[in-house]
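A short worksheet on the structure shown next.
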Ligand SMILES: Cc1ncc(CO)c(N)n1
């Protein structure tokens with residue numbers, strides 16, 4: 001896999017330092033077997049379906065966590081960016097509902113599905129980091145999600161084993177490869193870099209890096225629940 005991460009964060013900035021420090025937790029997330037099988041088209045539909053329904057429920061709570069970043073935003077520019085990100089998350093759910101509609105599942109049916117432990121643990125952990133910490137703690141908990149899926153898409157585009165023709169998961173891939181999503185992911189990494197400067201990232205590195213790696217492991221478990229359902 002090439003240099004997909006070079007897209008996100010500045011050299012020497014807090015985002016790249018956290019990503020590098022997360023090591024295998026990060027690569028195990030962004031190149032999880034679930035992702036590889038989306039790329040080569042061999043993921044069982046049942047796996048994808050389980051994942052996508054849980055991801056719909058995930059995004060509802062993730063939007064709430066992003067909204068907390070509006071509340072905790074320390075500048076008008078930050079508040080605007082986060083408000084737009086809340087709307088982007090709510091837009092992302094259209095992808096999920098489109099797939100669900102193809103499977104004959106309505107939104108009313110999807111929201112009735114109970115959240116799994118993987119979904120609850122990840123989303124409520126992010127909310128808790130934001131409630132108990134400051135804006136940097138919250139953004140660190142949010143960033144692996146936003147930036148990670150940007151990297152996932154770039155890894156898939158660069159994958160020699162990628163199935164391009166007739167890949168059932170192509171519209172999922174397109175959503176995250178889309179320039180609008182990629183720009184949001186780059187902006188999220190840039191914000192981490194800026195907050196690192198303004199909010200003492202250096203002195204707080206040990207805790208921030210533990211949180212970043214924790215989010216990456218929670219993401220891995222999120223993919224894994226899909227694989228296990230296949
Ligand atoms: C679990 C998870 N992480 C990240 C994203 C990207 O928004 C998503 N849709 N779901």
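Numbering (UniProt numbering), first residue to last: 1 to 230.
A virtual CB, placed ideally from N, CA and C, is assigned to each residue, including glycine.
Contact set for residue i: own chain, Cβ-Cβ below 6 Å, skip 5 residues either direction
| i | result |
| --- | --- |
| residue 38 | 169 |
| residue 216 | 22, 25, 26, 29, 144 |
| residue 163 | 40, 41 |
| residue 165 | none |
| residue 175 | 95 |
| residue 100 | 110 |
| residue 140 | 208, 211, 212 |
| residue 167 | 41 |
| residue 172 | none |
Proximal residues to residue i (C-beta, below 7 Å), its chain only, five neighbours per side dropped
| i | result |
| --- | --- |
| residue 218 | 121, 122, 125 |
| residue 177 | 153, 157 |
| residue 82 | 66, 69, 70, 73 |
| residue 184 | 85, 88, 146 |
| residue 227 | 33, 34, 47 |
| residue 64 | 127 |
Residue range of the alpha helix (DSSP H) that includes residue i
| i | result |
| --- | --- |
| residue 164 | Residue 164 -> no alpha helix (DSSP H), and no H or E assigned at all. |
| residue 212 | 205 to 229 |
| residue 15 | 14 to 30 |
| residue 106 | Per DSSP, residue 106 belongs to no alpha helix (DSSP H) and is neither H nor E. |
| residue 50 | 45 to 72 |
| residue 34 | 33 to 39 |
| residue 10 | Element bounds for residue 10: n/a, residue is neither H nor E. |
| residue 118 | 117 to 132 |
| residue 193 | 179 to 198 |
| residue 146 | 135 to 157 |
Proximal residues to residue i (C-beta, below 8 Å), its chain only, five neighbours per side dropped
| i | result |
| --- | --- |
| residue 96 | 52, 53, 55, 56, 59, 110 |
| residue 1 | With a pLDDT of only 44 at residue 1, under the threshold of 50, the placement of this residue in the model should not be trusted; the figure read from the coordinates follows. Counting only Cβ-Cβ distances below 8 Å, and skipping sequence neighbours, we find 31, 155, 158, 159. |
| residue 244 | The requested residue 244 does not occur in the structure, where the chain is confined to residues 1 to 230. |
| residue 135 | 69, 72, 73, 74, 78, 195, 199 |
| residue 116 | 54, 225 |
| residue 12 | none |
Could you say if the stretch 83 to 91 and the stretch 18 to 30 meet the contact criterion of at least three C-beta pairs nearer than 8 Å? no
Any 3 or more C-beta pairs closer than 8 Å across the stretch 54 to 69 and the stretch 175 to 189: no
Counting pairs of beta carbons, one from the stretch 40 to 49 and one from the stretch 133 to 146, are three or more of them closer than 8 Å? no
With a cut-off of 8 Å, do at least 3 Cβ pairs link the stretch 91 to 106 to the stretch 65 to 83? no
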